[in-house]
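Student: Protein chains in written order, with the numbering used here: chain X, 168 to 490; chain P, 168 to 490.
For every residue, glycine included, the Cβ atom is placed at its ideal position computed from N, Cα and C.
None of the values given here were measured: they were computed from a predicted structure.
Questions regarding the structure given below will be posed in turn.
Number of protein chains: 2
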Amino acid sequence: MRLGDHVLALDIGGTKLAAGVVSRAGDVRSFVRTPTNVEEGPDTVVKRLLDLGRDALAEAGHGPEEMAAVGIGCGGPLDPVSGRVQGPPGLPGWDDVPIVDLVSAAYDRPSFLENDATAAVLGEHRYGGWGDVRHMLYLTVSTGVGGGLILDGRLHRGAAGNGGEFGHVIIDWRGRVCGCGQRGCIEAYASGSSIARRAAEALATGEPSSMRGLPAVTAETVSTHAGQGDPLARRVWDETTAALGRAVAVMVNVVEPQLVILGGGVTRAGDALLLPVRHAALSQAMRPAGAAARVELSSHGDTVGVVGAAASAFRYLDDGEPQ
Amino acid sequence: MRLGDHVLALDIGGTKLAAGVVSRAGDVRSFVRTPTNVEEGPDTVVKRLLDLGRDALAEAGHGPEEMAAVGIGCGGPLDPVSGRVQGPPGLPGWDDVPIVDLVSAAYDRPSFLENDATAAVLGEHRYGGWGDVRHMLYLTVSTGVGGGLILDGRLHRGAAGNGGEFGHVIIDWRGRVCGCGQRGCIEAYASGSSIARRAAEALATGEPSSMRGLPAVTAETVSTHAGQGDPLARRVWDETTAALGRAVAVMVNVVEPQLVILGGGVTRAGDALLLPVRHAALSQAMRPAGAAARVELSSHGDTVGVVGAAASAFRYLDDGEPQ
Numbered sequence: 168m169r170l171g172d173h174v175l176a177l178d179i180g181g182t183k184l185a186a187g188v189v190s191r192a193g194d195v196r197s198f199v200r201t202p203t204n205v206e207e208g209p210d211t212v213v214k215r216l217l218d219l220g221r222d223a224l225a226e227a228g229h230g231p232e233e234m235a236a237v238g239i240g241c242g243g244p245l246d247p248v249s250g251r252v253q254g255p256p257g258l259p260g261w262d263d264v265p266i267v268d269l270v271s272a273a274y275d276r277p278s279f280l281e282n283d284a285t286a287a288v289l290g291e292h293r294y295g296g297w298g299d300v301r302h303m304l305y306l307t308v309s310t311g312v313g314g315g316l317i318l319d320g321r322l323h324r325g326a327a328g329n330g331g332e333f334g335h336v337i338i339d340w341r342g343r344v345c346g347c348g349q350r351g352c353i354e355a356y357a358s359g360s361s362i363a364r365r366a367a368e369a370l371a372t373g374e375p376s377s378m379r380g381l382p383a384v385t386a387e388t389v390s391t392h393a394g395q396g397d398p399l400a401r402r403v404w405d406e407t408t409a410a411l412g413r414a415v416a417v418m419v420n421v422v423e424p425q426l427v428i429l430g431g432g433v434t435r436a437g438d439a440l441l442l443p444v445r446h447a448a449l450s451q452a453m454r455p456a457g458a459a460a461r462v463e464l465s466s467h468g469d470t471v472g473v474v475g476a477a478a479s480a481f482r483y484l485d486d487g488e489p490q
Numbered sequence: 168m169r170l171g172d173h174v175l176a177l178d179i180g181g182t183k184l185a186a187g188v189v190s191r192a193g194d195v196r197s198f199v200r201t202p203t204n205v206e207e208g209p210d211t212v213v214k215r216l217l218d219l220g221r222d223a224l225a226e227a228g229h230g231p232e233e234m235a236a237v238g239i240g241c242g243g244p245l246d247p248v249s250g251r252v253q254g255p256p257g258l259p260g261w262d263d264v265p266i267v268d269l270v271s272a273a274y275d276r277p278s279f280l281e282n283d284a285t286a287a288v289l290g291e292h293r294y295g296g297w298g299d300v301r302h303m304l305y306l307t308v309s310t311g312v313g314g315g316l317i318l319d320g321r322l323h324r325g326a327a328g329n330g331g332e333f334g335h336v337i338i339d340w341r342g343r344v345c346g347c348g349q350r351g352c353i354e355a356y357a358s359g360s361s362i363a364r365r366a367a368e369a370l371a372t373g374e375p376s377s378m379r380g381l382p383a384v385t386a387e388t389v390s391t392h393a394g395q396g397d398p399l400a401r402r403v404w405d406e407t408t409a410a411l412g413r414a415v416a417v418m419v420n421v422v423e424p425q426l427v428i429l430g431g432g433v434t435r436a437g438d439a440l441l442l443p444v445r446h447a448a449l450s451q452a453m454r455p456a457g458a459a460a461r462v463e464l465s466s467h468g469d470t471v472g473v474v475g476a477a478a479s480a481f482r483y484l485d486d487g488e489p490q
């Protein structure tokens with residue numbers, strides 16, 4: 168193996184940590200995960216992340232010195248230039264964590280930090296097998312909702328450098344209050360936690376449901392029970408996909424991408440998510456924008472975070488882009 | 168005057184036609200306007216447009232042969248490559264009008280067709296005096312609502328080539344039905360005709376208002392009476408600016424521009440529109456995107472259409488871009 172052929176990729180999420188060794192061609196040589204216990208605080212979580220990275224290296228049979236770099240994906244806000252995580256909503260207490268310094272010191276390798284949704288769109292663009300796509304939008308539907316944009320074949324960072332805030336596309340300005348304080352953001356309907364919360368609210372009315380009495384109701388519970396025909400779960404799930412479809416239609420109307428990729432934990436529901444979202448989005452987007460766009464699930468499934476962090480690290484290594 | 172220093176610019180709107188001679192530096196040498204009587208049909212309206220163009224040439228003291236080209240701005244959908252207008256909602260009966268052929272034949276000059284909102288963002292970027300802005304979003308608030316995007320200093324057309332459909336950013340998915348058939352598009356709240364319609368609906372409830380008994384209530388009537396303290400007009404106007412502010416926040420969240428320009432007839436209300444829209448947009452956009460953006464009125468006011476059509480014609484002349 169030539170030096171420079173592989174990177175260690177770390178993915179810091181509000182519900183799970185992941186690590187993997189990824190080749191320049193996008194092959195995932197190892198992949199390991201562990202839950203994030205955010206209440207443990209950043210020091211302990213970072214320690215677990217570094218251990219997980221060592222596990223990924225061991226599984227791939229490499230030492231850190233064989234890695235060209237370490238790519239780190241994390242929810243924003245963060246500063247890729249200074250390498251600091253700056254208080255993502257999903258990581259309480261991570262107000263100013265110098266993650267690049269910590270990771271560089273632990274493995275003695277150059278390390279790069281990227282917004283996880285920005286990293287994911289880089290991963291899909293570089294390794295998704297989608298062909299030569301000029302304009303691509305990636306929407307992550309996970310603990311939160313975020314995204315990234317490729318325009319004219321290049322990452323679009325926007326003026327503030329932090330990537331698209333797709334979770335805060337407002338679809339109902341008099342609607343549900345979002346974690347950001349505004350009303351009717353798509354994140355208030357379609358994030359994993361919002362789906363679970365809306366189901367819990369519906370159950371609290373006393374309406375019969377096959378979900379009643381379960382120890383915990385998650386987004387996955389809702390999609391499963393909706394698929395089994397439970398009317399309450401069906402209603403919550405249909406509202407979720409309708410909301411997501413509207414938000415995708417809005418984003419298609421604004422940027423007219425060729426391709427919209429949906430990724431993140433909630434998309435594990437597969438066709439039960441993809442088909443209604445695709446239909447709603449493309450039928451509601453204005454023509455010709457709507458007619459020119461495809462809506463697809465991520466090629467990478469659960470590994471999208473590490474593949475993205477790897478794509479981001481290779482991009483930094485090759486382009487030497489300062490931010 | 169060197170040949171190539173000036174263009175004739177034509178602006179086809181649903182409520183007015185405009186024409187002007189514009190220099191390469193963006194100076195408007197002449198500017199004439201006339202109402203569009205859409206019920207006259209495309210043949211007659213095109214004839215009036217061509218006459219108006221001759222008036223603009225006469226006022227500037229030039230013959231058509233002295234023009235480097237003719238730039239034409241019109242509401243979409245249209246095809247810049249074939250030069251055909253393809254049924255814009257504001258121009259009933261214009262289902263397939265070969266406007267470029269008609270204009271080229273009339274003046275014997277090369278002619279170029281551009282979406283009016285796309286033209287406007289080119290005009291603001293080239294001639295607005297905004298400095299070196301990488302990412303700029305232009306929102307036209309007129310008979311309809313549309314827009315255009317400059318990303319990384321270049322026009323972003325999107326995959327379908329027709330520019331941003333900003334009028335169909337959905338802010339209230341269970342809200343008012345829009346002309347496009349969807350619910351809750353910003354156009355259903357903030358276009359001139361929607362403002363007038365919402366005022367008429369409010370008046371129909373019998374609520375007292377200083378606007379009652381007027382022969383016609385337009386968007387301008389609403390902003391004027393709102394400024395004079397009429398509660399009904401105030402409510403309609405406040406909903407308009409709140410809706411626009413939300414839509415701008417959404418677009419800022421998606422593309423993170425440095426600058427958002429508001430133009431079009433409704434923006435003649437000036438600060439009564441700008442200040443609440445700016446406040447709503449920047450306070451509701453996510454940080455840091457919101458903190459990095461400015462929201463301003465068009466530098467060109469009523470001439471934005473001809474300045475945009477001129478900028479578009481110079482761009483075609485200089486870049487020879489096929490679409």
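Any beta-carbon of chain X closer than 7 angstroms to the one on Asp194/P?
Tutor: Closer than 7 angstroms to the CB of Asp194/P there is not a single CB belonging to chain X.
Student: Just curious, the beta strand (DSSP E) that Glu368/X is in, first and last residue?
Tutor: Looking at the DSSP string, Glu368/X is not in any beta strand (DSSP E); the run it does join, the alpha helix (DSSP H), is Gly359 to Ala371.
Student: Given a threshold of 16 other Cβ atoms within 10 Å of its Cβ, counted over all protein chains shown, does Arg454/X qualify as buried or as exposed?
Tutor: exposed
Student: Answer with yes or no whether the minimum CB distance from Asn282/X to chain P is below 7 angstroms.
Tutor: Chain P, which has no Cβ nearer than 7 angstroms to the Cβ of Asn282/X, makes this no.
Student: Could you tell me the distance, in whole angstroms, from the CA atom of Glu207/X to the CA atom of Arg215/X?
Tutor: 10 angstroms
Student: I want to know whether the stretch 395-406 of chain X touches the stretch 366-380 of chain X - three or more CB-CB distances under 8 angstroms.
Tutor: yes
Student: When you compare only the Cα positions, how much space is there between Ile337/X and Gly346/P?
Tutor: Ile337/X and Gly346/P have their C-alpha atoms roughly 20 angstroms apart.
Student: Using a Cβ-Cβ cut-off of less than 9 angstroms, list which residues of the stretch 305-324 of chain P approach chain X; keep chain order.
Tutor: Gly314, Leu316, Leu318, Asp319, Arg321, His323 and Arg324
Student: Could you check whether the Cβ of Asp339/P sits closer than 7 angstroms to any Cβ belonging to chain X?
Tutor: yes
Student: Taking only the alpha-carbon atoms, compute the straight-line gap between Phe279/P and Leu464/P and give it to the nearest angstrom.
Tutor: 26 angstroms
Student: Grouping DSSP H, G and I as helix and E and B as strand, with all else coil, what is Pro231/X?
Tutor: helix
Student: So, is the C-beta of Val417/P closer than 7 angstroms to a C-beta in chain X?
Tutor: yes
Student: Does at least one heavy atom of the ligand ZN sit under 6 angstroms from the Cβ of Pro443/X?
Tutor: Questions concerning the ligand ZN fall outside what the structure shown contains, since it holds no ligand whatsoever.
Student: Taking Cβ-Cβ distances shorter than 9 angstroms, what residues in chain P pair up with Gly331/X?
Tutor: Those are Asn420, Val421, Val422, Glu423 and Ala456, listed as they occur along chain P.
Student: Taking Cβ positions only, does Arg445/X come closer than 7 angstroms to chain P?
Tutor: no
Student: Output, in chain order, the set of chain X residues within a Cβ distance shorter than 7 angstroms of His302/P.
Tutor: Gly325 and Ala326
Student: If I measure Cβ to Cβ from Met234/P and keep anything under 8 angstroms in the same chain, skipping five residues before and after, which residues do I get?
Tutor: His173, Val174, Leu175, Val188, Leu224, Tyr274 and Arg276
Student: Look at the alpha carbon of Gln395/X and the alpha carbon of Arg364/X, and state the distance between them as a whole number of angstroms.
Tutor: Near 20 angstroms, if we compare the C-alpha coordinates of Arg364/X and Gln395/X.
Student: Out of Thr391/X, Asp438/X, Ala452/X and Gly437/X, point me to the one whose CA is closest to Arg421/X's CA.
Tutor: Sequence inspection shows Val at residue 421/X; the Arg mentioned does not correspond to that position. With distances taken between Cα atoms, Val421/X lies closest to Ala452/X.
Student: Excluding the five sequence neighbours on either side, which residues of its own chain have a C-beta within less than 6 angstroms of the C-beta of Asp222/P, listed in chain order?
Tutor: Val199
Student: Could you tell me whether the stretch 459-473 of chain P touches the stretch 288-297 of chain P, where touching means 3 or more Cβ pairs closer than 8 angstroms?
Tutor: Touching, yes, given that three or more Cβ pairs across the two stretches are closer than 8 angstroms.
Student: Measuring only the C-alpha atoms, how far is Thr470/P from Ala386/X?
Tutor: 52 angstroms
Student: Do Val389/X and Ala416/X come within 7 angstroms of each other at the CB atom, strictly closer than that value?
Tutor: no
Student: How would you call Leu442/P, buried or exposed, if buried means at least 16 neighbouring beta carbons within 10 angstroms?
Tutor: exposed
Student: Return the chain-ordered list of same chain residues with a C-beta closer than 6 angstroms to the C-beta of Arg413/P, the five sequence neighbours on each side being excluded.
Tutor: Excluding sequence positions up to five before and after Arg413/P, its CB lies within less than 6 angstroms of the CB of Ile338, all in the same chain and listed in chain order.
Student: Spatial neighbours of Gln490/P within its chain, please: C-beta separation below 8 angstroms, excluding the five flanking residues on both sides.
Tutor: Low confidence applies to Gln490/P: its pLDDT is 43, below 50, so where it sits in the model is not reliable enough to give any reading.
Student: For Arg343/X, tell me which candidate among Gly314/X, Glu406/X, Ser271/X and Met418/X has the shortest Cα-Cα distance.
Tutor: Glu406/X
Student: If contact is defined by three or more beta carbon pairs under 8 angstroms, each pair taking one atom from either stretch, is the stretch 423-438 of chain X in contact with the stretch 434-441 of chain P?
Tutor: no
Student: Could you name the residues of the stretch 236-249 of chain P whose beta carbon sits closer than 8 angstroms to any beta carbon of chain X, in the order they occur along the chain?
Tutor: Pro244
Student: Quick one: list the residues of chain A neighbouring Met453/P, beta-carbon separation under 7 angstroms, in chain order.
Tutor: The structure shown contains no chain A; the protein chains it does contain are X and P.
Student: Determine the direct distance from the alpha carbon of Pro202/P to that of Met408/P, and round the result to whole angstroms.
Tutor: In the sequence as displayed, the identity of residue 408/P is Thr instead of Met. Taking the straight line from one Cα to the other gives about 26 angstroms.
Student: Could you work out which residue in Gly250/P, Glu281/P, Gly257/P and Leu258/P is closest to Asp268/P when comparing CA atoms only?
Tutor: Gly250/P
Student: Give the residues of chain P in contact with Ala480/X, contact being defined as C-beta atoms less than 9 angstroms apart.
Tutor: The contacting residues do not exist; Ala480/X stays about 23 angstroms from chain P at best.
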